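**Student:** For the sequence shown, my numbering gives the first residue as 357, with consecutive numbering after it. Using N, Cα and C, we set each Cβ at its ideal position, and we do this for glycine too. Just so we're clear, the structure is a prediction, and the values are computed from it rather than from any experiment. The structure under discussion is supplied below as structure tokens; questions concerning it will follow.
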Amino acid sequence: MLVKTTNSSRLTLLDKVNVCLQDFGDHVMHLVFDVEGKVDVNQMNRAVRLSFIEHPIMAQRLIYQRGQPRWIEWDGDTLDRAKFCHSLSSENKETDIDKFLVQVVDFSLQPMVLIQIIEGKTTTVCIKVSCVPIDGRGFLIYVERLLALYESLNEPSNCQPEVGDLTQRSTRALIRYFQPADAIKLAISSFRNQLQDSITANNWRIPSQKNGQLDKAYYCHTLPPSSLGDIIRLRQIHQLTFNDILLAAYYLSLYDIIKPKQSKPFCVLNTYDLRRYEDNHAPDRVANYSSFINTNVPIVDDDCLISAAKKVQQSIGQRKARYPGITEGPFIWPLLTLLPFQFGRFIVTRLLKHRGEKIPVFTNVGVIHTEKMRLNKQPIRNVKPFAPLEFPPKLAVTLATSGNSITLSVGYSRNHFSDAMIKQLFLRMETLITDTDRTVRSNAA
């Protein structure tokens, strides 16, 4: 058991929000990928240790001092002795990957990075991190630097990572992009959005079993290679975005499964990366820098993918017109900053439970730049990101693009959502894209 620590520091506002979210999921993220050749376990362990110099947040653990959460730094000797990376030979790789994904890890007792290397016909690397201190994009930035450090250890020159600090993690860096007058507009937009979401949050609910015991599972579906070309064609013809089309497919697939009795605006929670506000000179932040925007889209029985995508585009456009991703801040900030944390956490947790558990989630982590993520001088392959498993009845789907590959992944409980329903959801999304593109090309001919 690793428990020795040294200095402490405050949590950012979004760190505190993620502490509240721990009550609703396993709150770990995973990245699974294949590599060319072998991976040296000891060298990867050294790379993780060096990564803590560049990104010291990953060398912290969460504790409470006088009721307040604090980041406490592990002492150097403890980190030097720690084993972050393990390996095994496997004849049934998928089973061993699944075991790693559902493995419960208490990151208050060990550093927040754990790696499993699985050797078979190919070499697969599985990385597990706590997502209290970092979001999905921060995770990808961290992995990119981790792999670069691993590669640098192959060079004859001594590897000297840059020394990082915790100051770049604060969302206070965003303040300079706004004017004082924006505060009033932000408050008005926040109130309007909160009111709308409170109304639409109850309009649909994904059917689930009521068993209390969790049977954790993860599932990843890779769309056919032709799907990327299909989506690009539909984007160009109908002036839509990649996200418009995939989110519309998610809406229609959920609609088919839920079969709501009435056509009302249905709410889906979408994550929003606050790094979009920053200029090109901003640092690559290994931090919690993601908030969310909700889309409220009315779906009817005869909606096709294109009509649904245009509704999605309109809904997202309305939210993006005014301070996307920040409109929830004015309500959460005073609760978690001005009140005693345990009291503020109680209120925020109840608010999240009251509304959030009824709203499906769609997280687009964007493009994973595998050309920058190399092991043995070769880009990693078959990349599969997994967001936290949300406790039922929540359904949280992650979308990622890597090269020509589009993946949809989800964590769920088999005692609450059936395997068949999860597979049906993703297959329906795939079919909608394929059939719509086929119809468009047929009409054009």
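1) Per DSSP, what kind of secondary structure is Phe742 in: helix, strand or coil?
2) CA-CA distance, Ile672 and Tyr679?
3) Would you kindly work out how many angstroms separate the C-alpha atoms of Glu518 and Pro621, rounded to a whole number?
4) Who are the Cβ neighbours of Thr757 in its own chain at under 6 angstroms, not counting the five residues just before and after it?
5) Rank Glu447, Pro489 and Leu708 by C-alpha distance to the C-alpha of Asp379 and give the top, closest one.
6) Checking the sheet assignment: what are the DSSP bridge partners for Lys485?
7) Which word fits Leu625, buried or exposed, when buried means at least 16 other C-beta atoms lie within 10 angstroms of its C-beta?
8) Can you give me the C-alpha to C-alpha distance between Val359 and Gln466, rounded to a whole angstrom?
9) Do Val384 and Lys484 have their C-beta atoms within less than 9 angstroms of each other?
10) Could you tell me whether the region 364 to 379 touches the region 411 to 425, where touching means 3 or more Cβ pairs closer than 8 angstroms?
11) Between the C-alpha atoms of Pro744 and Ile531, what's the straight-line distance to the nearest angstrom?
12) Just the C-alpha distance for Thr651 and Leu751, rounded to the nearest angstrom, thanks.
13) What distance in whole Å lies between the Cβ atoms of Ser646 and Arg493, which are believed to be in contact at a cut-off of 8 angstroms?
14) On the CB-based measure, 16 or more other CB atoms within 10 Å of its CB, does Phe699 come out buried or exposed?
15) For a test of the three-state rule: what should DSSP assign to Ser769, helix, strand or coil?
16) If you follow the alpha helix (DSSP H) that Leu522 is part of, which residue opens it and which one closes it?
17) Identify whether Asp390 lies in helix, strand or coil by the three-state DSSP scheme.
18) So is Met357 buried or exposed if we call it buried at 16+ other beta carbons inside 10 Å?
**Tutor:** Taking the definition as stated:
1) strand
2) 12 angstroms
3) 49 angstroms
4) Val723
5) Leu708
6) A small correction: the amino acid at residue 485 is Val; Lys does not occupy that position in the sequence shown. DSSP output for Val485 lists Met385 and Val469 as bridge partner(s).
7) buried
8) Confidence at Val359 is low in this model, with a pLDDT of 46, below 50, so its placement is unreliable and the value that follows should be read with caution. So the two alpha carbons sit approximately 7 angstroms from each other.
9) yes
10) yes
11) 29 angstroms
12) 16 angstroms
13) 7 angstroms
14) exposed
15) strand
16) Element bounds for Leu522: n/a, residue is neither H nor E.
17) strand
18) Legend: pLDDT at Met357 = 40, less than 50; position of this residue unreliable, value from coordinates given subsequently. By the 10 Å Cβ count, Met357 comes out exposed.
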